[in-house]
Amino acid sequence: MNEKAGISRVEIHLTRTPPATRLTRTAGVSEVNVSGTVLTCLVSGSFQPLLESLQGYEVVRLWSSPGSLTQPKH
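Numbering-wise (the UniProt record's numbering), the sequence shown opens with residue 1 and increments by one.
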């Protein structure tokens, strides 16, 4: 796939707590937040490194939407 990937905001629901430390060291993954079994983060480029970091963890739901490195202030 040669299509240029941008930045995506991702929310993933798993059956157990995801490996936060591993995820913060994953290439292209930033703004990692873990709340129980829910992971939110930004992914820049390919999702493959994120998916490989979650190997062995069952994903129940996954949402992705266009994101940016700066979050709006509420």
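Even glycine gets a Cβ: it sits at the ideal position worked out from N, Cα and C.
| field | Cutoff 6 Å; reference Ala-27; Cβ partners in own chain excluding five residues on either side | value | Pro-49
| message | Once the 5 residues before and after Ser-30 are set aside, which same chain residues still bring their CB inside 6 Å of it? | response | Leu-42
| DSSP-derived helix/strand/coil call for Leu-62 | strand
| query | Hey, quick one: how far does the beta strand (DSSP E) through Thr-40 stretch, first residue to last? | reply | 38-44
| said: Suppose you measure from the CA of Pro-18 to the CA of Gly-6; what does that come to, to the nearest Å? | reply: 24 Å
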